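A.B. asks: In UniProt numbering, the protein residues as written are 1 to 321.
Cβ coordinates follow ideal geometry from the N, Cα and C atoms, glycine included.
Model, not experiment: these values are computed from the prediction.
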């Protein structure tokens, strides 16, 4: 995405203003006047719409800061008097960086593999999930994000008491454990230009710390690409071990919480890892030992096209709030 803001067309700016700012209830606009930081939550939605629907290629779109800069320049009345929007933007970034996230550790039917996703704008693999919305529980957040990023419905599978918490910096990350999804499940993000790949990874092959070079051996991946997964790996492995030994979910989770760090095995845990080729999984897979190319969804950086025609009145002068 461009660091030096490209010019967003007048028609596009008017359309986005009409869709995301002008039609907001007056009570919300009044709240923005007293707490301007809140406006960036709505502008973030507008930015996502811009990337998804207003560009031929989202990878060359204006970044969020540049987007706000151009929108405020075109509609300066959005900024209350004596307000420095750039300072408020930094406050919002800090808030976003410390907002709790809800995600799901989706395990296959053999408790051998876990589903990870990779975004368009970075090379990191993470559990499907995201930041919690206003008035949303972490459980609801995880259900929503998993549906958006993978197409899987975990609402009736998720146990609100079965989760692992970890902190990355000041951010609380809660990952709910959801067992029993077949590796033949159809995976398809419902959002555009957000998820580039969805892949089943063998749990034993995940790095347990940032110096763990094992994934590089056969998958040509760096441990830092699993930065958001690493804090969960050791407890997850212990949980799976106890579940395979016959413990129920609650007991396995409780026992795994007291796991102390153990030395990493010296054996090559990745000897049988398949390549990262995009494939369609065969429905005849019958055992956890069956070799499986792990990548089951891989979107090229598809060019998005405008899915909604501009409103007829976007040429007219927009009203102020």
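Round the Cβ separation of residue 193 and residue 120 to the nearest angstrom and send it over; I've been treating them as touching at under 8 Å.
C.D. replies: The residue given as residue 193 occupies position 193 in the chain shown. The residue given as residue 120 occupies position 120 in the chain shown. Between residue 120 and residue 193 the Cβ distance is about 6 Å, and since that is below 8 Å, they are a contact.
A.B. asks: With C-beta atoms as the reference, is residue 124 less than 7 Å away from residue 227?
C.D. replies: Numbered from 1 along the chain shown, position 124 holds the residue referred to as residue 124. Numbered from 1 along the chain shown, position 227 holds the residue referred to as residue 227. Their beta carbons are under 7 Å apart, which means residue 124 touches residue 227 by this criterion.
A.B. asks: On the DSSP bridge list, what partners appear for residue 117?
C.D. replies: Taking the chain shown and counting its residues from 1, the one referred to as residue 117 is at position 117. Its beta-bridge partners are 126 and 198.
A.B. asks: For residue 20, which residues in the same chain have their Cβ closer than 8 Å to its Cβ, ignoring the five residues on either side in sequence?
C.D. replies: Within the chain shown, residue 20 is the residue found at index 20, counting from 1. Counting only Cβ-Cβ distances below 8 Å, and skipping sequence neighbours, we find 42, 43, 45, 46 and 49.
A.B. asks: Which residue from 239, 256 and 257 puts its Cα closest to that of residue 114?
C.D. replies: By one-based count along the chain shown, residue 114 stands at place 114. Residue 239 is the option with its Cα nearest to residue 114.
A.B. asks: With residue 101 as the anchor, note down where its beta strand (DSSP E) starts and where it stops.
C.D. replies: Looking up residue 101 in the chain shown gives position 101. Start and end: 101–108.
A.B. asks: Which one or two residues does DSSP pair with residue 168 in a beta bridge?
C.D. replies: The sequence position of residue 168 within the chain shown is 168, counting from 1. Answer is 171.
A.B. asks: Please classify residue 71 as buried or exposed, where buried requires at least 16 other C-beta atoms within 10 Å of its C-beta.
C.D. replies: Within the chain shown, numbered from 1, the residue matching residue 71 stands at position 71. Result: buried.
A.B. asks: Relative to the alpha-carbon of residue 9, which residue among 62, 24 and 28 has its alpha-carbon at the smallest distance?
C.D. replies: Position 9 of the chain shown holds residue 9. It is 62 whose Cα lies nearest to the Cα of residue 9.
A.B. asks: With a threshold of 16 other CB atoms inside 10 Å of the CB of residue 27, please say whether the residue is buried or exposed.
C.D. replies: Here residue 27 refers to the residue found at position 27 of the chain shown. Exposed, since its Cβ has fewer than 16 Cβ neighbours within 10 Å.
A.B. asks: Using the beta-carbon count (16 or more within 10 Å), is residue 207 buried or exposed?
C.D. replies: Mapped onto the chain shown, residue 207 falls at position 207. Result: buried.
A.B. asks: Over what stretch of residues does the alpha helix (DSSP H) that includes residue 30 continue unbroken?
C.D. replies: Along the chain shown, read from residue 1 onward, the residue named residue 30 stands at position 30. DSSP places residue 30 in the uninterrupted alpha helix (DSSP H) bounded by 26–34.
A.B. asks: With residue 232 and residue 175 assumed to form a contact (beta carbons below 8 Å), what rounded beta-carbon distance in angstroms separates them?
C.D. replies: Position 232 of the chain shown holds residue 232. Position 175 of the chain shown holds residue 175. Correct: roughly 6 Å between the Cβ atoms.
A.B. asks: Select from 167, 177, 145 and 108 the residue whose C-alpha is nearest the C-alpha of residue 195.
C.D. replies: Position 195 of the chain shown, counted from the first residue, corresponds to residue 195. Considering only alpha carbons, the answer is 145.
A.B. asks: Could you pull the DSSP bridge partners for residue 131 from this structure?
C.D. replies: Position 131 of the chain shown, counted from the start, is the residue given in the question as residue 131. Its beta-bridge partners are 101.
A.B. asks: Is there contact here, the region 147–160 with the region 176–186, by at least three beta-carbon pairs under 8 Å?
C.D. replies: yes
A.B. asks: Mapping the DSSP letters down to three states, classify residue 143 as helix, strand or coil.
C.D. replies: Along the chain shown, read from residue 1 onward, the residue named residue 143 stands at position 143. Residue state, collapsed to three classes: helix.
A.B. asks: Taking the C-alpha atoms as reference points, what is the distance between residue 17 and residue 140?
C.D. replies: For the purposes of this step, residue 17 is taken as the residue at position 17 of the chain shown. For the purposes of this step, residue 140 is taken as the residue at position 140 of the chain shown. One C-alpha to the other measures close to 29 Å.
A.B. asks: Check each candidate in 11, 82, 235 and 116 and name the one with the smallest Cα separation from residue 202.
C.D. replies: Here residue 202 refers to the residue found at position 202 of the chain shown. Nearest of 11, 82, 235 and 116 to residue 202, Cα basis: 116.
A.B. asks: Please report how far the alpha carbon of residue 221 lies from the alpha carbon of residue 122, in whole angstroms.
C.D. replies: By 1-based counting over the chain shown, the position of residue 221 is 221. By 1-based counting over the chain shown, the position of residue 122 is 122. Roughly 13 Å separates the two Cα atoms.
A.B. asks: Alpha carbon to alpha carbon, how far is residue 107 from residue 167? Give it in angstroms, no decimals.
C.D. replies: What you label residue 167 is simply residue 167 of the chain shown in a count that begins at 1. What you label residue 107 is simply residue 107 of the chain shown in a count that begins at 1. So the alpha carbons of these two residues sit roughly 22 Å apart.
A.B. asks: Looking at residue 76 and residue 33, is the spacing between their C-beta atoms short of 7 Å?
C.D. replies: Sequence index remark: in the chain shown, residue 33 carries index 33 (1-based). Sequence index remark: in the chain shown, residue 76 carries index 76 (1-based). Going by C-beta atoms, residue 33 is not nearer than 7 Å to residue 76.
A.B. asks: How is residue 287 classed by DSSP in three states: helix, strand or coil?
C.D. replies: Your numbering for residue 287 matches position 287 in the chain shown. Note on residue 287: pLDDT 36, under 50, position unreliable in the model; no value is reported.
A.B. asks: Quick one, which of 210, 219 and 172 has its alpha-carbon nearest residue 102's?
C.D. replies: Walking along the chain shown from the start, residue 102 turns up at place 102. Of the listed residues, the one whose Cα sits closest to residue 102 is 172.
A.B. asks: Residues in the same chain with beta-carbon distance under 8 Å from residue 251, minus the five sequence neighbours each way, listed in chain order, please.
C.D. replies: Counting from 1 along the chain shown, the entry for residue 251 is found at position 251. Around residue 251: 242.
A.B. asks: By the 10 Å Cβ neighbour count, where 16 or more other Cβ atoms means buried, how is residue 245 classified, buried or exposed?
C.D. replies: Counting from one through the chain shown, the residue named residue 245 turns up at place 245. With fewer than 16 other Cβ atoms within 10 Å, it is exposed.
A.B. asks: Residue range of the alpha helix (DSSP H) that residue 243 falls in?
C.D. replies: For the purposes of this step, residue 243 is taken as the residue at position 243 of the chain shown. Counting along the chain, the alpha helix (DSSP H) containing residue 243 begins and ends at 230–244.
A.B. asks: Note down the Cα distance separating residue 158 from residue 84, rounded to an integer number of angstroms.
C.D. replies: In the chain shown, the residue the question calls residue 158 occupies position 158. In the chain shown, the residue the question calls residue 84 occupies position 84. Approximately 43 Å, taken between the alpha carbons.
A.B. asks: Provide the residue(s) that pair with residue 8 in DSSP beta bridges, ordered along the chain.
C.D. replies: Within the chain shown, numbered from 1, the residue matching residue 8 stands at position 8. Paired residue(s): none; residue 8 is not in a bridge.
A.B. asks: Here's a check: name, in chain order, each residue in its chain whose Cβ is nearer than 7 Å to the Cβ of residue 147, leaving out the five neighbours to either side.
C.D. replies: Taking the chain shown and counting its residues from 1, the one referred to as residue 147 is at position 147. Taken in chain order, the residues that qualify are 153 and 190.
A.B. asks: Which residue or residues does DSSP assign as beta-bridge partners of residue 181?
C.D. replies: Here the question's residue 181 lines up with position 181 in the chain shown. According to DSSP, residue 181 bridges with 108.
A.B. asks: Report the partner residues of residue 176 according to the DSSP bridge assignment.
C.D. replies: As a working note, residue 176 is residue 176 in the chain shown. Beta-bridge pairing links residue 176 to 104 and 163.
A.B. asks: Assuming the contact rule is C-beta atoms closer than 8 Å, residue 155 and residue 164 should be a hit. Round their C-beta distance to whole Å, please.
C.D. replies: Taking the first residue of the chain shown as position 1, residue 155 is located at position 155. Taking the first residue of the chain shown as position 1, residue 164 is located at position 164. The Cβ separation is near 20 Å, so there is no contact.
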